[in-house]
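Asker: Quick one: the structure is below, and I'll ask about it shortly.
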Amino acid sequence: MKITYKLTKDDIQNYFKYLCSNERELKLQRNMGFICAFLTAPLMFFLVHSLILAIITATLSLLVICCIRNFSSKRIISRRIKNNPGMLDERNIEIREEGISITTKSENNLYKWTGLYSIKRTDEYLFIFFDPMKGTPIPIRSFQSEDEAIEFYNTVTLLSKKETQK
């Protein structure tokens, strides 16, 4: 089975959002910001003895953290795309007996089934991971039908399990 598609900037953004929401190390970093924001409330209460000021400070801290995180992630992705325009090249992903082949005009890689870390599925994407932090998104819109996307997902899952059980 072979799929040809082109990623957009939004696809790359959604891939990193998925990583940040689901990968343990990135989740921990994100949650540390929220923990720090909540720690400001008791600290402010201790310093100024005002519950209202403590709650306002914690709320403002959360808003600032969310804005900074959102802005910085968009900037990081824009820089990555600028430094590596091949991220938006047309891609061909092919399921082969020996693994998954990913070809663009700037790269040609074959990832063996034993090197496949996981495959995840959402309503809009399939994410193939080669380690916890490296993978490739495949938009569901790239498939001719939902059934073809499910077949692709099931085939990759089956072949990777089969190979790792050898």
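When we follow the working numbering, the leftmost residue of the sequence shown carries the number 1198, and every step to the right adds one. In this text, a Cβ means the ideal position worked out from N, Cα and C, and glycines have one as well.
1. Report buried or exposed for V1261, applying the criterion of at least 16 other Cβ atoms within 10 angstroms of its Cβ.
2. For I1209, list the residues DSSP reports as bridge partners.
3. For K1302, does the three-state DSSP call read helix, strand or coil?
4. Helix, strand or coil: how does DSSP classify Y1314 here?
5. Measure from the alpha carbon of T1450 to the alpha carbon of each residue in E1295, N1306, T1301 and M1330, then state which is nearest.
6. Mind checking whether F1324 and G1332 have CB atoms under 8 Å apart?
7. Roughly how many angstroms separate the alpha carbons of L1364 and F1268, rounded to a whole number?
8. CB-CB under 6 Å to L1307, same chain, minus the five flanking residues each way: which ones, in chain order?
9. Do you know how far the Cα of L1216 is from the Cα of K1358?
10. Taking the continuous beta strand (DSSP E) assigned at N1281, which residues delimit it?
11. Would you call the CB atoms of L1285 and K1203 closer than 8 Å?
12. Give the single residue among W1310, K1309, L1250 and Q1210 whose Cα lies nearest to the Cα of R1272.
Answerer: Let me lay it out:
1. exposed
2. DSSP output for I1209 lists no bridge partner at all.
3. coil
4. coil
5. In the structure as shown, the chain starts at 1198 and stops at 1363, and residue 1450 therefore has no counterpart that could be examined.
6. yes
7. As shown, the chain starts at 1198 and ends at 1363. That puts residue 1364 outside it, with no answer to give.
8. G1296 and S1298
9. 23 Å
10. From DSSP, N1281 is part of no beta strand (DSSP E); its letter is neither H nor E.
11. yes
12. Q1210
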